[in-house]
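A quick write-up on the structure given underneath.
In full-length UniProt numbering, the protein residues as written are 1 to 350.
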């Protein structure tokens, strides 16, 4: 059993946090994200590989967000300032070696971006996986917003039902390629970690959040990893982050899952990229002079996507993709797509 500690937030709520891993390794703090449970996550086939990977390479600090897991089920305030204040309180209590790696997933991106802007001297690297800066109510997509609001109401109305069908409407957006076992575990996580009303409030708060105005002020090195088929946070939201955070690296992952699973190649690529970047790896060392756009195209080439599909996904002409590919191959010292894929497979991704 991993030890769990508790602290009080600025508005009097209780937050549960934990520290595990390698004491002599660099510290990595994970900004809290939707649906976590410090004890249950270590047993779950949905989350346990994240815990095992991060604590095997880092002094790993994580916490359950307000309203979830072992933290106070009455969340009180639910906004970016509250989430950032909570992250600050955990850092103050844990006292990680500074500067530390700040890791965020999903809506945890908002607190991580806000914290990195408040305290750039404390953060060595910012790593974002499947994240977004704008909630669905700020993306100028009325149809998607209406669908999200409908799912929120289904969550509120059907969360406590014995029949898991209502929860699965929610669950399968996170794990569209999940196994029956993973879906069952995630359904159980929903039930264990929050309540119907609090869960619906959390979903609404995520839809309303917007830290896009802070992105240009992020001054720490940033890596953004994003699944190309993510239904919870569309890959365009990852590109939005990469375009607006100065000098951010962007890596597209071949998956439909919002929560990457251990049996998919995307998880292996993500792990390799996290370790490279957290250790101060510079893409320039083995990807000489590649621009962010060239890295994005190279990642899609490594997924065996044809130029026509790449052009459609990146909203550019096939001729432009071909020109970029020619430059990429020259910089890598290869002549063909196959040679580029083989070279990048040995490295762990683009």
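For glycine and all other residues, C-beta sits at the position ideal for the given N, C-alpha and C.
CB of residue i within 8 angstroms of CB of residue j, strictly
i	j	result
residue 236	residue 117	no
residue 226	residue 135	no
residue 311	residue 329	no
residue 71	residue 28	no
residue 120	residue 212	no
residue 155	residue 196	yes
residue 278	residue 301	no
residue 17	residue 94	yes
residue 38	residue 4	yes
residue 13	residue 62	no
residue 242	residue 137	no
residue 113	residue 215	yes
residue 371	residue 127	The structure shown has nothing for residue 371, since the chain only spans 1 to 350.
residue 45	residue 264	no
residue 166	residue 178	no
residue 221	residue 125	yes
residue 223	residue 40	no
residue 309	residue 209	no
Cut-off 8 angstroms between Cβ atoms - residues of its own chain near residue i, not counting five sequence neighbours on either side
i	result
residue 111	31, 32, 80, 83, 84, 86, 87, 104
residue 183	168, 171, 172, 175
residue 25	57, 58, 59
residue 336	329
residue 327	294
residue 23	59
residue 338	none
residue 152	200, 203, 204, 207
residue 64	15, 16, 17, 32, 36, 37, 38, 70, 71, 193
residue 185	44, 45, 46
Nonlocal neighbours in the same chain, by C-beta distance under 7 angstroms from residue i, ignoring five residues either side
i	result
residue 284	Below a pLDDT of 50, predicted positions are generally treated as unreliable, and residue 284, at 45, falls in that range; no measurement from the model is reported.
residue 266	227, 253, 254, 255, 260
residue 53	271
residue 350	Note that residue 350 scores a pLDDT of 45, beneath 50, so its modelled location is shaky; the value from the coordinates is reported in the next line. Here the set comprises 251, 295, 298, 299, 302, 344.
residue 144	136
residue 147	none
residue 20	2, 55, 60
residue 96	27, 29, 59, 61
Three-state secondary structure assigned by DSSP to residue i
i	result
residue 155	helix
residue 110	helix
residue 39	coil
residue 179	coil
residue 30	strand
residue 85	helix
residue 209	coil
residue 190	helix
residue 244	helix
residue 50	helix
residue 398	The structure shown has nothing for residue 398, since the chain only spans 1 to 350.
residue 326	helix
residue 115	helix
residue 376	Examination of residue 376 is not possible in this model, given that the chain is present from 1 through 350 alone.
residue 59	strand
residue 259	coil
Whole-Å CB distance - residue i paired with residue j, under 8 angstroms assumed
i	j	result
residue 36	residue 193	7 angstroms
residue 307	residue 318	5 angstroms
residue 77	residue 160	Their Cβ separation, rounded to whole angstroms, is 24 angstroms, which puts residue 77 and residue 160 out of contact at 8 angstroms.
residue 89	residue 9	6 angstroms
6 angstroms Cβ shell around residue i - same chain, five flanking residues per side excluded
i	result
residue 6	14, 16
residue 304	none
residue 42	48, 51
residue 245	215, 218, 222
Interface flag, residue i vs chain C, CB-CB below 8 angstroms
i	result
residue 312	This model lacks chain C altogether, as it is built from one protein chain only.
Residue i Cβ short of 7 angstroms to the ligand FAD heavy atom set
i	result
residue 136	The ligand FAD is not among the ligands present in this structure, which contains no ligands whatsoever.
Segment contact flag, the region 238-256 with the region 287-301, C-beta cutoff 8 angstroms, min 3 pairs: yes
Cβ pair count under 8 angstroms reaching 3, the region 228-242 against the region 252-268: yes
The region 90-106 contacting the region 186-204, beta-carbon criterion three pairs below 8 angstroms: no
Given 8 angstroms, three or more beta-carbon pairs between the region 133-150 and the region 46-53: no
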